[in-house]
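Novice:
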Amino acid sequence: MIRATVTGKAWASRRIETMPTGAYIEVETESGARLIAFDPLGCAPGEAVLITQGSVAAAYFSQSTASIDALIIGSIDEDKSGKSRKT
């Protein structure tokens, strides 16, 4: 898994029919790399997330074929100090 921060949305005016419901978002990893990930969770800019890549990301969509290489699999619920947020 890769820890990253959502930096914004990536807009696509067209997409293949087999893509599941969700959005493309731009994230920046802890190493400073930027990439586009598929977001089925509805994450917001500034949010810390966990990403999986490759065949694991594509295999998440067992009922359809999705050409996805990076997938948001979780939202991290802690502040910058490392303490859990109280909800």
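In our numbering, each residue carries its 1-based index in the sequence shown increased by 263. Each residue gets a CB set at the ideal place from its N, CA and C atoms; glycine is no exception.
1. Do S330 and L304 come within 8 Å of each other at the CB atom, strictly closer than that value?
2. Express the C-alpha separation of E280 and A267 in angstroms, rounding to a whole number.
3. Report back the beta-carbon spacing between L334 and Y323 to the nearest angstrom; my notes put them in contact at under 8 Å.
4. So, with DSSP's three-state summary, where would you put E289?
5. From what residue to what residue does the beta strand (DSSP E) around S338 run?
6. Output needed for W274: all residues of its chain with C-beta closer than 8 Å, excluding positions within five of it in sequence on either side, in chain order.
Specialist: Taking the structure as given:
1. Against the sequence shown, residue 304 aligns to sequence position 41. Against the sequence shown, residue 330 aligns to sequence position 67. Going by C-beta atoms, L304 is not nearer than 8 Å to S330.
2. Residue 267 sits at position 4 when you count from the first residue of the sequence shown. Residue 280 sits at position 17 when you count from the first residue of the sequence shown. Distance between the alpha carbons of A267 and E280: 28 Å.
3. Here the question's residue 334 lines up with position 71 in the sequence shown. Here the question's residue 323 lines up with position 60 in the sequence shown. Under the criterion of beta carbons closer than 8 Å, L334 and Y323 qualify as touching, at roughly 6 Å.
4. In the sequence shown, the residue the question calls residue 289 occupies position 26. It is a strand residue.
5. On the sequence shown, position 75 is the one that residue 338 refers to. That run of the beta strand (DSSP E) goes A333 to S338.
6. The residue you call residue 274 lines up with position 11 of the sequence shown. Hits under 8 Å: Y287.
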